[in-house]
Amino acid sequence: MNVRRVVGLVVATSLIAGAGGLVAWRSASTDRGSGTLDLRRPGTVVTVSAGEPHVEQLTRDGEHLADGPDCVRAAVAAGTLVCLRGLPGPFSSEVRVYRAGGSAPVVTVPLWGEPSRARVSPSGHLVAWTVFRSGDSYLQQGRFSTTAGLYDLRDGTHVGSLEDFTVVVAGTRYQEEDRNFWGITFAADDRTFYATLASRGTTWLVRGDLRNRSLVSIRENVECPSLSPDGTRVAYKKRVDGDRWRLHVLDLRTQEDTPLAETAHIDDQPAWLDGRTVAYARTDSGGAAVFAVAADGSGTPRRLVDGSSPSVTTPVR
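Note that the sequence shown covers residues 1299 to 1615 in our numbering.
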């Protein structure tokens, strides 16, 4: 067992021991709740605001509809909203999960690390997150530590870290202690998911199986994957020129890789607005804003709204 997991177990044990006080205090912390969000209204865009970080619900044309909970990362699908919040103290973030029709979170999970990524499965049954435990940039290979976990809302199963899964790279079991995982994205079957594995200066796209608790490498140099609505393509950031990323789309059937028309350096986990369009956050001199670009490499990027962490509401199943 590596050092990170030992420390994680100590933290988890301390949390359970102090649950009566710590969790109650966190539940009482200031939160505007889900506000007037309509998570049952399909086709709207949910983002994190560029000012005081909180969830905003918008039309596809950028018209403001509603405000939601305080978050620095968020995602929505099928009536489920996951909100990743930064907090002071030794447990520096937490996940809050909201369901359509309710104002209070149905699940709150304290985390050790700084907020990085958040996702919801197409069914709305699974939520996932990534946190930084050290460092603050995925560009610093070998100088950061991340933890990716997930939670099943149906039965309360909590996977605290993908490090507990069996990993196979190029057909061989991979057990290096410097493994880092981030950027979970779910398939429609609530069993299959994809994520990034990094180790010894290399990154891989890995396919996960929740039932077998396994991860298998598919392709190198794929980071922050986002599975398309039809489950056949992955939008992701690809390292180019050593110190920058460019958005690409990988066809999982043919392994064809397509660079998108966005040529700026993008450090984000993209999201699919629909089967033809990818959204993402871009930071420049004007601050953070959400852009969209065609998934087939054509066209030009278009700015949607100030903010970050875009996702789209989908019908409740």
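We treat Cβ as the ideally placed atom computed from N, Cα and C, and that holds for glycine.
Segment contact: the stretch 1377–1393 against the stretch 1424–1432, three or more CB-CB distances shorter than 8 angstroms; contact assigned. Take the alpha-carbon of His1423 and the one of Val1614: they are about 11 angstroms apart. Here Gly1469 is not near Thr1490, since their CB atoms are 9 angstroms or more apart. Distance from the CA of Thr1598 to the CA of Arg1574, rounded to the nearest whole angstrom, comes to 13 angstroms.
Annotation: Thr1612 to Ala1416 spans about 16 angstroms, alpha carbon to alpha carbon.
For Ser1512, the pairing in a beta bridge is given by DSSP as Thr1464, Asp1507.
Residue environment: Asp1539 is assigned as exposed (fewer than 16 neighbouring CB atoms within 10 Å of its CB, all protein chains considered). Counting the other CB atoms within 10 Å of its CB gives Asp1368 a total of 16 or more, which places it among the buried residues. Assigned with DSSP and collapsed to three states, Trp1410 falls in coil, not helix or strand.
Taking C-alpha positions only, Gly1584 is separated from Val1591 by approximately 19 angstroms.
The Cβ-Cβ distance between Cys1522 and Thr1500 does not fall below 9 angstroms.
Taking one beta carbon from each stretch, the stretch 1386–1402 and the stretch 1340–1348 have fewer than 3 pairs nearer than 8 angstroms; the two do not touch.
Bounds of the beta strand (DSSP E) holding His1546 are 1542–1549. Unbroken beta strand (DSSP E) runs of no fewer than 3 residues, entirely contained in the stretch 1355–1391, are found at 1362–1368, 1371–1375, 1378–1384, following chain order. Distance from Gly1605 to Ala1587 at the Cβ level is roughly 7 angstroms; contact confirmed, criterion being Cβ atoms closer than 8 angstroms. In this structure, Ala1533 sits away from Trp1480, with a CB-CB distance that is not shorter than 9 angstroms. Under DSSP, Tyr1472 takes part in no beta bridge, so it has no partner.
Around the beta carbon of Asp1476, fewer than 16 other beta carbons lie within 10 angstroms, which makes this residue exposed.
Check the Cα spacing between Ala1398 and each of His1563, Arg1580, Ser1332: the tightest is with Ser1332.
Assigned with DSSP and collapsed to three states, Leu1558 falls in coil, not helix or strand.
For Val1467 and Arg1537, the gap between their C-alpha atoms comes out near 20 angstroms. Listed as beta-bridge partners of Ser1606 by DSSP are Val1346. Here the alpha carbons of Ser1391 and Leu1460 stand approximately 18 angstroms from one another.
The DSSP-derived three-state label of Val1418 is strand.
Per DSSP, Thr1334 lies in no beta strand (DSSP E) segment and is marked neither H nor E. Per DSSP, reduced to three states, the secondary structure at His1563 is coil, with no helix or strand assignment. When secondary structure is reduced to three states using DSSP, Ala1587 falls in the strand class.
By the neighbour-count criterion, in which 16 or more other beta carbons inside 10 Å mark a residue as buried, Gly1360 falls on the exposed side. When Arg1600, Asp1488, Arg1452, Gly1595 are compared, the shortest CA-CA separation from Ala1579 is found for Arg1600.
The beta-bridge partner set that DSSP reports for Asn1478 consists of Ala1496.
Of all alpha-carbon atoms in Thr1552, Pro1568, Leu1545, the one lying nearest the alpha-carbon of Ala1559 is that of Leu1545. Distance from the CA of Val1547 to the CA of Phe1589, rounded to the nearest whole angstrom, comes to 16 angstroms.
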